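Comments concern the structure below.
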Amino acid sequence: MPSSSTTPGDAPATTSASAPAGGATNAPRTAGSRMTGRQKLVLALLLGSQFMIAVDFSILNVALPVVGEGLGFSLAHLQWIATSFALAAAGFTLLFGRVADLVGRKNLFVGGMAVLGLSSALGGLATSPEVLLTARVLQGLATAAVTPAGLALLTTAFREGPLRERALGLNGALMSAGFTAGAILGGLLTDLLSWRWAFFVNVPVAALVVALAPSAITDSRPEKRPRLDVPGAVTVTGGLLLLVLGLSQAAETGWTAPTTLAALAAGAALLAAFVSIERRAAAPLVPVHILKRRSVVWGNTAGLIAFATETSLVFLLTLYLQEVLGYSALATGLAFGVLGVGTVVGGVLGGRAVGRFGNRRAIVFGGTVQAGATLTLVALGTSGAWIWLLLAATFVGGVGNMLMIVGFMVTATSGLPDAEQGRATGLATMTQQVGIALGIPVMSAVVTARTGAATGPDAVLSGVSTAVLVNAALVLLGALLAGRFLAGARRAKDEAHEGH
């Protein structure tokens, strides 16, 4: 089985001339730096779907009070509009990454997009909380299917090297920009039309992708049909669901509440059982040799922190803008447009940075820039003039965040044959979804712990400032640890080559 020439550590990525292992690719692969017309069409379809999914994560955030009032949600249950989506998306991503290898990545991708379109229509037509939450769970399940399948199709469409780095950079930029655009679009649609259009806007996009994808994308799957690791699927899915649920409960009822502790303990136990099962399984969901790769472990660690910190920062700054400066939902969404521009710039530069300086340096530099920009937000005050610091810091932080995310994506999927791309991209996508799902409840819990029962702009500002400090420390620590251990991975690989 031929191996890739891209190193997981510090070395710039290069293009392998060997044929890939596994199934067919989406388009003829070229070793140069130019995409074929078919590759451009495949890229447009896959990136368009990933952007739409990212928008779904945040499009209802600024409209939650309006949705709750329209359908009769109590204030205590309002968070479940977001949490139900996040639970399904994070909990089932790794499972669907493996299912994609079983049924075909294109089949799962197209089927997931169809479910996403239908569930969006159901959400837009909802007349009760139960129907809306059902639609959100179905949207989350569709996201768990589409995201790893789409990413696997993307990585098998392009060889490791400049084209894949550029594609992954654009994918990361649109995913992060989509999260920001969701806040803007949600505010616009809610103010100008109705919150229902936050659902309806997905329907024509999903229909277009479902219509074009079957003929544009060539399926990609391993040559041998693998078996599904049922015990592993049950334990990892249950463990992730309980972990996200426990952290969501922590933000609502506190870290010491019995329900919080029980969910977190049970989730940790199931994830530990998952690792043990994978060591003995004949056809593991995630083979042990993948879990032992430093590039996979530390690349995914960096990605988890990058997604958790940036998406939760949007939540913290939403509190600041609305509760301290008194911004409307629409004005809040528009303020995040600058962050969206920063993530697009970072995504475009990310592929070039990885190609020139290597994965490890991109992660360390991007994380350091993001941490520094985030740290400046501790200085925010109650005057409206502080908006200029917020805009500048979010732009710079967005660029750094995307450098880190592109470095993570390339690192976590490099050095593996096509036959294992479904597993690797499923793991990377799970990292992304879990990071998005965990970041907000963790930072919300920090704010709550700081403010206690106090209310008012000064109390909110104090809680937000503390959480921002924690946020900056987390991303810096994650980047430095990933850089340290990825450097070790490269040295180990170099020593192995010298031994031969």
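Counting the sequence shown from 1 gives a position; the working numbering is that position plus 582. Beta carbons: idealized from backbone N, C-alpha and C, even for Gly. No experiment lies behind these values; they were computed from the predicted model shown.
Item to check | Inter-stretch contact at 8 Å, needing at least 3 Cβ pairs: the region 709 to 719 / the region 671 to 687 | outcome: no
Checklist entry - Can you give the Cα-Cα distance for Thr-964 and Gly-1038, rounded to whole angstroms? => result One alpha carbon belongs to Thr-964, the other to Gly-1038, and they sit about 11 Å apart.
Checklist entry - Distance, Cα to Cα, Thr-597 vs Thr-950? => result Summary for Thr-597: the model assigns pLDDT 34, below 50, so the residue's position carries little reliability, and this model does not support an answer.
Checklist entry - For Ala-1019 versus Ala-671, is the C-beta spacing smaller than 8 Å? => result yes
Checklist entry - Thinking just about the alpha-carbon of each residue, which of Thr-772, Ile-987 and Val-1050 is nearest to the one in Leu-912? => result Thr-772
Checklist entry - Of all the options Thr-675, Gly-1017, Gly-673 and Leu-972, which has the alpha carbon lying nearest to the alpha carbon of Glu-892? => result Residue Gly-1017 holds the alpha-carbon nearest to the alpha-carbon of Glu-892 among Thr-675, Gly-1017, Gly-673 and Leu-972.
Item to check | Assumed close pair Ala-763, Val-927 - CB separation to whole angstroms, cut-off 8 Å | outcome: Ala-763 to Val-927, Cβ: 15 Å. No contact.
Item to check | N- and C-terminal bounds of the alpha helix (DSSP H) containing Lys-688 | outcome: 687 to 706
Next on the checklist: Does the region 1020 to 1030 come into contact with the region 829 to 841, if we say contact requires no fewer than three beta-carbon pairs (one atom in each stretch) closer than 8 Å?
Outcome noted: yes
Checklist entry - Is it right to say Asp-1040 is buried, meaning 16 or more other beta carbons lie within 10 angstroms of its own, or is it exposed? => result exposed
Next on the checklist: Using 8 Å as the threshold, is the C-beta distance between Gly-820 and Val-946 below it?
Outcome noted: no
Item to check | DSSP three-state assignment for Leu-642, whether helix, strand or coil | outcome: coil
Item to check | Residues of its chain near Thr-993, where Cβ-Cβ distance is below 6 Å and the 5 sequence neighbours each way are ignored | outcome: Pro-590, Ser-877, Gly-881 and Asn-941
Checklist entry - Tyr-902 by DSSP, collapsed to three states: which one? => result If DSSP states are grouped into helix, strand and coil, Tyr-902 belongs with the helices.
Item to check | Same chain only: Cβ atoms within 8 Å of Ile-663, ignoring 5 sequence neighbours per side | outcome: Cβ neighbours of Ile-663 beyond the five flanking positions: Leu-642, Leu-646, Val-649, Gly-650, Phe-655, Leu-714, Leu-715 and Arg-718.
Checklist entry - What's the C-alpha gap between Glu-860 and Pro-869? => result 6 Å
Next on the checklist: Alpha carbons only, please: which of Leu-825, Ala-1027, Thr-738 and Ala-888 is nearest the one belonging to Val-624?
Outcome noted: Thr-738
Next on the checklist: Using C-beta distances below 8 Å, list every residue in its chain close to Leu-1009, excluding the 5 sequence neighbours before and after it, in chain order.
Outcome noted: Leu-676, Gly-679, Val-868, Ile-872, Val-878, Asn-882 and Ala-994
Checklist entry - Is it buried or exposed for Gly-932, if we count other Cβ within 10 angstroms and need 16 for buried? => result buried
Checklist entry - Start and end of the alpha helix (DSSP H) containing Val-951? => result 941 to 958
Checklist entry - Hey, Ser-1047 and Leu-962: beta-carbon distance below 8 Å or not? => result yes
Item to check | Proximity to Ala-974 [Cα-Cα], best of Phe-691, Val-920, Leu-1062 and Trp-837 | outcome: Answer by Cα proximity: Val-920.
Checklist entry - Would you call Trp-777 buried or exposed, if buried means 16 or more other Cβ atoms sit within 10 Å of its Cβ? => result buried
Next on the checklist: So the candidates are Leu-824, Thr-1033, Arg-934 and Asn-1053; which of them puts its Cα closest to the Cα of Gly-1045?
Outcome noted: Of the candidates Leu-824, Thr-1033, Arg-934 and Asn-1053, the residue whose Cα lies closest to the Cα of Gly-1045 is Thr-1033.
Item to check | Where the alpha helix (DSSP H) containing Thr-841 begins and where it ends | outcome: 840 to 862
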